[in-house]
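There are 2 protein chains.
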Amino acid sequence: MAEAKTDVLIIGAGPAGLMLANWLSKTGVSARIIDRRPTKITVGHADGFQCRTIEVFQSFGIAHRVIAEGNELTEVVFYNPDDNGNLVRTARIPDTEPGTSRFRHVVLSQARVERFLLDNMKINNGLIVERAVEPQSLSIDNAVIDCLDAYPVTVIVRHLPQDNVSEDEAAITGGPESGLYRSNMFADDAEDAIPQNRQQAGQTETIRAKYVVGCDGARSWTRKQIGYELEGENSSAYWGVMDARILTNFPDIRLKVAIHSASSGSILIIPRERDLVRFYIQMGTIEPGQQIDRHALTHTSIIEKAKAIMAPYTLECPEIEWWSVYVIGQRLCKQVSLCDRVFIAGDAFHTHSPKAGQGMNVSMMDSYNLGWKLSAVIKGVADRCLLDTYRSERVEVAQQLIDFDRKFSGLFSGKPAVAEQAGISVKDFRNLWLKSGKWTSGTAIQYAPSLLVAASSAEKELLAANIHIGSHFESQIVVCIADAHPVHLGDRLISDGRWRLILFAGKLTQQAQRSRYEKLCAELVSTRSPIKQYHVGQDVDSFIEVLTVVSSERSAIDMTEYPDITRPACGPHGYRKYNTIFADEVSYHDGGGQAYQGYGVDAEGPGAAVLIRPDQHVADILPFDACVSRLSAFFTPFIRQVCQ
Amino acid sequence: MAEAKTDVLIIGAGPAGLMLANWLSKTGVSARIIDRRPTKITVGHADGFQCRTIEVFQSFGIAHRVIAEGNELTEVVFYNPDDNGNLVRTARIPDTEPGTSRFRHVVLSQARVERFLLDNMKINNGLIVERAVEPQSLSIDNAVIDCLDAYPVTVIVRHLPQDNVSEDEAAITGGPESGLYRSNMFADDAEDAIPQNRQQAGQTETIRAKYVVGCDGARSWTRKQIGYELEGENSSAYWGVMDARILTNFPDIRLKVAIHSASSGSILIIPRERDLVRFYIQMGTIEPGQQIDRHALTHTSIIEKAKAIMAPYTLECPEIEWWSVYVIGQRLCKQVSLCDRVFIAGDAFHTHSPKAGQGMNVSMMDSYNLGWKLSAVIKGVADRCLLDTYRSERVEVAQQLIDFDRKFSGLFSGKPAVAEQAGISVKDFRNLWLKSGKWTSGTAIQYAPSLLVAASSAEKELLAANIHIGSHFESQIVVCIADAHPVHLGDRLISDGRWRLILFAGKLTQQAQRSRYEKLCAELVSTRSPIKQYHVGQDVDSFIEVLTVVSSERSAIDMTEYPDITRPACGPHGYRKYNTIFADEVSYHDGGGQAYQGYGVDAEGPGAAVLIRPDQHVADILPFDACVSRLSAFFTPFIRQVCQ
């Protein structure tokens, strides 16, 4: 039997798996990613990309592709029965509350984003998904579990025979009954949509891995191997979901719409890219223990139900791209790793209803959280103790998600209050929606104090009142000293595995403040500074990149007068970095001038340093005079000394 | 000898040729495009994309690619000698004056934009460039010149032998001496950078074309065939140009910089994409009639000269991607067609210095102007008389360009005034730069009254004070009724060959105004309306698309209550258009609410209709009550009746 070694084996090439593969390929860690299906999906499945997810896409350079192809959701409209039971529009709210993020909620087929992640992996280091490969057994060698160079996990996989036809392949040749039109394929997906000739077809292979991550969905094979289960219950409600191009006289068909009909059930309308509309349609309820009869449910029965709910508005669906039926349930597995060697991520550890658009997003954020930590440990930069923060950080998020979804989908499936009858109140529903907006956008996640998140304090709050340790670093527009570009600071926090230290240097035209800043810059390159201690190779910014934001004018001080560490010479030729020093001022064309105020940093004050993790979460806020000593104290517990 | 027919034969696959090919492929006209070179260029050549050019790219869906890969120029800085002859920064101005366009000046290798145009052609209808094909003779059959179905132009072309090695191929294998590094190639250019095996290699072919367009550069073969010459003189100044990655202590290296040194000459610095810097370096002068000795000029001599001009600042160039040497000259050919059957465009009809970043832009705008006209004539929609407006509109622009360039490059090549000595004044130079900003951005072009541009009048100025007939339609942000998206109206003017009629419908919550608007909409679908008369096939918006902008609130009137013509049912399924009706109000996230004010249309007034050509230039401004009759009068002289 063939044998191979890899640092990380990813099982499952959905959004969570591809996000992880993307991280690992970006940071140059050896990885393999396998998937049962012989082909990539091309239509259907999840479709909502929350603000925070798009921020992460931006950090990998693919946000513009999502925005260009996707449809931005701008407004949510609510329809409820009036006292006569007739549907009326009862409220309008913005889909993304202004100020939430520099990005907005965008909908696009999951298949397209998988394409973008696949493209990135290929560019990063040529990593590709091995399709039609099925894991068969998993074992761990406990003896070497704490040994950094060992490959303690053994997975035997089977490369499926060439003639093995999956559900998807059957579907791909079908008509609307199968819910999948091949004609809708994108040109750049063509290669991945056809099963490839594979040399190893029909063979088994032993893969020895340092780490295995199961991103293999709600019925996770990996989770079963390590003996865990999803806990929780399915509800009694089952829903249909459909992507179609339609004819209607409903006036708000290009808005996001939540309809509670008087007695026919509820519907959620999501206007999609390529003139598609997604419908989530409440189909009915089942008794406890009963299964839905999937064969009795067709696209026709889904459309009939939708018509009944939307009446008296008309609905015709000449082109259906995809449809499915699902039962709502909230289930969670609170154990997400075995010995921090085998992990599960995404649907493998939490499942819930799709209507709040959270599943794919939280799943990708799981593996986004795990990826840089795995990479740092595998590269020998960080201790294995880092990995436990995946559990502590993500299980809490998953629990919040489950709690939210139970409330949200309950309100969605409930019958509305009409006239004197009891039921879901319009106001309660809209208020929950509004209140949960920040949470569902993904920007409200705040990790608790840990190895990677310093505790807050009054001193820190004084330094930067609106920067929250544990939360992701929010973006403000600043102006680059070197090229006068307006720059979203968030765009500078690219996902390349590096930490960042943002120096809010204050008014450098004041000599005392300039001295304070230059003193700190000198300390940052001293031998006791983590920047020097942990950088690898010739580039001083390889472990921590230093960014400066001044409150003095851009043109007051030439960039050549800034200390070397703030614009280091890098690479074999020693070229200077030019996108590291910024001024908080109004740009010629695109805003700016509100960064200090936005972050709550005193523009005339003594400065503040903000330490940011490779995943853009704020790790600590530091005063200039104790910056280097506190950085040392922060990193010492988990960073292995790399340089001399 | 092989024989073939094509509607349009394009000779030359540089920016002008590709822009034309892009138009023709987009509008579904049969075309062939040939080029002498066996491969696509991959580095060097032109690099500046002006605002108006990017607006046009946006209309073809490629602006985002240019912006994503390119570098936006934000600020221009001037350096001049002080009274002691030492270089000092004397002024800063924005590179694109705020308010000029929704886009800014972007620099990017011409090779990349050629890539984007090639990609578009392929997507549109599979059109590709036939490389290593050289025209050998051109003849016109005068007997059938006015016959619409005839192919009066015969061009014999030679498919160059497989072993024919061009300058570029030689260069591609060289080092810095050749000015071309193959290593800098983009992955998506790989196929076009290698000479392909061609079936017809070594053979000649007769191509019969309805139209031939020579986009074959300053030494145009096509121009010679039709017996025209460029007129004008070369100046005595010769310049070097170089793209390199550099080391320097010059503080403004990432800004656009114009340096006049005391006695070493001038330099223009353009910070480019991928950390490149482009330098235009004044090398010296030649005597009248003298030729520059190209073999004596190397990248080393160019760098030495640059060092002297920039002293005391340092300059090292470890990586040179491309370099060249050129003599400044302004030359123009005022005859741009033979019998409106053979045309020349771009450098074939005007050449000048590259420093104002105009050449490639004006060249592409030439063929952008010609493309939709050719397409309309070939499809039988318009009379051939339309084609003469190419000459009248573009020769005037070329003349303005030549006049501007003579002044601009004279100031650039001149010696600065230092202390008491006479010379170029800092102030004059900066003022010309500022004053010419709108013209160089390409947004100031205003075509004179003609068949395609109605004359202005006091009545029209009253209807829309800030919309100028003959100028391109400027963009304002409005909010889409259907989906609440903030939309740049300019983005709706896509290049698909259609005319557009924008109805500024005013306050539709006022019953009188609503009646006036509905009356116009009814007239627009009457049998005497050009919309009905000239539309082709099933879609009523195939000749003129109607867009509505209201000054009443978006939510005041549901989209389903607007007249059918404003949101027509199109395509085989009769799907409604949803992006045709807009409100002038503030959007949730991205501005808006200033359109009526910006266009100078009275928000409480009787409305105004603006007719826009397929190239976004304003053709006429019409009052609602005379709209249809004036549209008829406008189109009758050149549109051939298509429908009944």
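Heads up: the sequence lines are chains A and B, in that order. Each residue of the first sequence is one higher than the one before, counting from 1 in full-length UniProt numbering. Each residue of the second sequence is one higher than the one before, counting from 1 in full-length UniProt numbering. Just so it is clear, CB atoms sit at the ideal spot from N, CA and C, and this is done for glycine as well. No experiment lies behind these values; they were computed from the predicted model shown.
### Query
Nearest to B:Leu-268 by alpha carbon, out of B:Leu-9, B:Leu-297, B:Tyr-534 and B:Ala-356?
Here residue 268 of chain B corresponds to residue number 268 of the second sequence, with the count starting at 1. Comparing Cα positions, the closest option is B:Ala-356.
### Query
Which of the residues in the segment 491-517 of chain A, read from start to end, lie with their CB under 8 Å from any CB of chain B?
When C-beta distances to chain B are compared with 8 Å, every residue of the segment 491-517 of chain A stays at or above that value.
### Task
Keeping to the same chain, check which residues put their C-beta closer than 8 Å to that of A:Gln-594; ignore five residues upstream and five downstream.
What you label residue 594 of chain A is simply residue 594 of the first sequence in a count that begins at 1. Only residues of its own chain outside the window of five on either side were considered, and among them Gln-476, Ile-477 and Asp-584 have a CB closer than 8 Å to the CB of A:Gln-594, listed in chain order.
### Task
Going by DSSP, name the residue or residues bridged to A:Ile-565.
The residue you call residue 565 of chain A lines up with position 565 of the first sequence. Looking at the DSSP output, A:Ile-565 shares a beta bridge with no other residue.
### Query
Should A:His-299 be labelled buried (16 or more other beta-carbon atoms within 10 Å of its own) or exposed?
Counting from one through the first sequence, the residue named residue 299 of chain A turns up at place 299. Classification of A:His-299: buried, given that the 10 Å Cβ count is 16 or more.
### Message
If we define contact as Cβ-Cβ less than 8 Å, is B:Asn-234 a contact residue for chain A?
### Response
As a position in the second sequence, residue 234 of chain B is number 234, starting the count at 1. So no, B:Asn-234 is outside the interface.
#### Entry: Neighbouring residues, chain A, relative to B:Ser-555 (Cβ below 8 Å)
Numbered from its first residue, the second sequence carries residue 555 of chain B at position 555. Per Cβ cutoff of 8 Å: Arg-92.
### Task
Please determine, among B:His-535, B:Tyr-326 and B:Gly-592, the residue with the shortest C-alpha to C-alpha distance to B:Lys-379.
Taking the second sequence and counting its residues from 1, one reaches residue 379 of chain B at position 379. The residue from B:His-535, B:Tyr-326 and B:Gly-592 with its alpha-carbon nearest to that of B:Lys-379 is B:His-535.
### Message
So the candidates are A:Ala-417, A:Thr-248, A:Asn-361 and A:Asn-124; which of them puts its Cα closest to the Cα of A:Gly-85?
### Response
Along the first sequence, one-based indexing puts residue 85 of chain A at 85. For A:Gly-85, the closest alpha carbon among the candidates A:Ala-417, A:Thr-248, A:Asn-361 and A:Asn-124 is that of A:Ala-417.
#### Entry: Under 9 Å from the C-beta of B:Pro-568: neighbouring residues of chain A
Mapped onto the second sequence, residue 568 of chain B falls at position 568. Those within 9 Å of B:Pro-568 in chain A number zero; the least Cβ separation is about 13 Å.
### Short CB-CB distance (under 8 Å) between A:Ala-444 and chain B
Taking the first residue of the first sequence as 1, we reach residue 444 of chain A at position 444. Contact with chain B is absent for A:Ala-444, since none of that chain's Cβ atoms lies less than 8 Å from the residue's Cβ.
### Query
What are the boundary residues of the beta strand (DSSP E) that includes residue 652 of chain B?
As displayed, chain B neither begins before 1 nor continues past 644, which places residue 652 of chain B out of reach and without an answer.
#### Entry: Close beta carbons around A:Ile-612, own chain, < 7 Å, minus the five adjacent residues each side
One-based indexing of the first sequence puts residue 612 of chain A at position 612. Cβ neighbours of A:Ile-612 beyond the five flanking positions: Phe-473, Leu-493, Trp-499, Arg-500, Ile-502, Val-618 and Ala-619.
### Task
Determine, using beta-carbon pairs with one atom in the segment 421-430 of chain A and one in the segment 564-572 of chain A, whether at least three such pairs fall under 8 Å.
The way I'd put it, the segment 421-430 of chain A doesn't touch the segment 564-572 of chain A; fewer than three beta-carbon pairs between them come closer than 8 Å.
### Message
Using 8 Å as the threshold, is the C-beta distance between B:Ile-565 and B:Val-540 below it?
### Response
Here residue 565 of chain B refers to the residue found at position 565 of the second sequence. Here residue 540 of chain B refers to the residue found at position 540 of the second sequence. In this structure, B:Ile-565 sits near B:Val-540, with a CB-CB distance shorter than 8 Å.
### Message
For B:Ala-218, which residues in the same chain have their Cβ closer than 8 Å to its Cβ, ignoring the five residues on either side in sequence?
### Response
On the second sequence, position 218 is the one that residue 218 of chain B refers to. Answer for B:Ala-218: Leu-230, Arg-331, Asp-347, Ala-348 and Thr-351, listed in chain order.
### Task
Can you pull the chain B residues whose beta carbon is under 7 Å from the beta carbon of A:Thr-74, in chain order?
Counting from 1 along the first sequence, the entry for residue 74 of chain A is found at position 74. Simply Asp-483, Ala-484, His-485 and Tyr-588.
### Query
Does A:Arg-219 have its Cβ less than 8 Å from a Cβ in chain B?
Position 219 of the first sequence holds residue 219 of chain A. Taking 8 Å as the CB threshold, A:Arg-219 stays off the interface with chain B.
### Query
Among the residues of its own chain, which have a CB less than 6 Å from the CB of B:Tyr-202, if the five just before and after it don't count?
Here residue 202 of chain B refers to the residue found at position 202 when the second sequence is read from its first residue. Looking at the sequence shown, residue 202 of chain B is not Tyr but Gly. Cβ within range, chain order: Pro-161.
### Query
How many angstroms separate the CA atom of B:Asp-275 from the CA atom of B:Pro-135?
As a first step, residue 275 of chain B must be located in the second sequence, where it is residue number 275. As a first step, residue 135 of chain B must be located in the second sequence, where it is residue number 135. Cα to Cα, the separation comes out at about 39 Å.
### Task
Say whether the segment 234-251 of chain B touches the segment 367-375 of chain B, bearing in mind that this needs 3 or more beta-carbon pairs closer than 8 Å, one atom from each stretch.
Short answer: they don't touch.
### Task
List in chain order: all unbroken alpha helix (DSSP H) runs of 4+ residues lying wholly within the segment 1-32 of chain A.
Along the length of the segment 1-32 of chain A, whole alpha helix (DSSP H) runs at least 4 residues long occupy 15-26, reported in chain order.
### Option nearest A:Met-19 by Cα separation, candidates A:Thr-636, A:Ser-261, A:Asp-615 and A:Asp-192
Residue mapping note: residue 19 of chain A aligns to position 19 of the first sequence, counting from 1. Ranked by how close their Cα comes to the Cα of A:Met-19, the residues A:Thr-636, A:Ser-261, A:Asp-615 and A:Asp-192 have A:Asp-615 in first place.
### Task
Under 9 Å between beta-carbons, which chain A residues line up against B:Leu-255? List them in chain order, please.
Along the second sequence, read from residue 1 onward, the residue named residue 255 of chain B stands at position 255. Simply Ala-482, Asp-483 and Ala-484.
### Query
Looking at the unbroken beta strand (DSSP E) that takes in B:Thr-154, where does it start and where does it end?
In the second sequence, counting from the first residue as 1, residue 154 of chain B sits at position 154. Under the DSSP assignment, B:Thr-154 falls in the beta strand (DSSP E) whose first and last residues are 153-159.
### Query
Can you name, in chain order, every residue of its own chain whose Cβ lies under 6 Å from the Cβ of A:Asn-142, other than the five neighbours on each side?
To locate residue 142 of chain A, count along the first sequence from 1; it is residue 142. Taken in chain order, the list of residues that qualify is empty.
### Query
To the nearest angstrom, how far is it from the Cα of A:Asp-602 to the Cα of A:Leu-462?
What you label residue 602 of chain A is simply residue 602 of the first sequence in a count that begins at 1. What you label residue 462 of chain A is simply residue 462 of the first sequence in a count that begins at 1. Approximately 9 Å between the Cα atoms of the pair.
### Message
Buried or exposed, going by whether 16 or more other CB atoms sit within 10 Å of the CB of B:Thr-636?
### Response
The sequence position of residue 636 of chain B within the second sequence is 636, counting from 1. The C-beta of B:Thr-636 has fewer than 16 other C-beta atoms within 10 Å across all chains shown, which makes the residue exposed.
### Query
chain B beta carbons: is any one of them nearer than 8 Å to that of A:Tyr-574?
Taking the first sequence and counting its residues from 1, one reaches residue 574 of chain A at position 574. In the sequence as displayed, the identity of residue 574 of chain A is Gly instead of Tyr. A:Gly-574 belongs to the set of residues whose beta carbon lies under 8 Å from a beta carbon in chain B.
### Query
When the Cα of B:Met-310 is compared with those of B:Tyr-562, B:Phe-78 and B:Ile-34, which residue comes out closest?
Residue 310 of chain B sits at position 310 when you count from the first residue of the second sequence. Answer by Cα proximity: B:Phe-78.
### Task
List the residues of chain B that A:Pro-98 touches, going by C-beta distances under 7 Å, in chain order.
Within the first sequence, the letter at position 98 stands for residue 98 of chain A. For A:Pro-98, the neighbours in chain B by C-beta distance under 7 Å run, in chain order, Tyr-588 and His-589.
### Query
Using a C-beta to C-beta distance shorter than 7 Å, which residues of chain D count as neighbours of A:Pro-318?
Structure shown: chain D not included; protein chains present are A and B.
### Task
Please confirm whether A:Arg-516 and A:Gly-607 have their CB atoms less than 8 Å apart.
Taking the first residue of the first sequence as 1, we reach residue 516 of chain A at position 516. Taking the first residue of the first sequence as 1, we reach residue 607 of chain A at position 607. In this structure, A:Gly-607 lies closer than 8 Å to A:Arg-516 by Cβ.
### Task
Could you tell me which residues DSSP pairs with A:Gln-446 in its beta bridges?
Locating residue 446 of chain A in the first sequence gives position 446, counting from the first residue. Residue pairing of A:Gln-446 in beta bridges, as defined by DSSP: A:Ser-471.
### Query
Would B:Glu-561 be called buried (16 or more neighbouring beta carbons within 10 Å of its own) or exposed?
Counting from 1 along the second sequence, the entry for residue 561 of chain B is found at position 561. So B:Glu-561 ends up on the exposed side.
### Task
State buried or exposed for residue 679 of chain B, treating a residue as buried only when at least 16 other CB atoms are found within 10 Å of its CB.
There is simply no residue 679 of chain B to check, as chain B begins at 1 and stops at 644 in what is shown.
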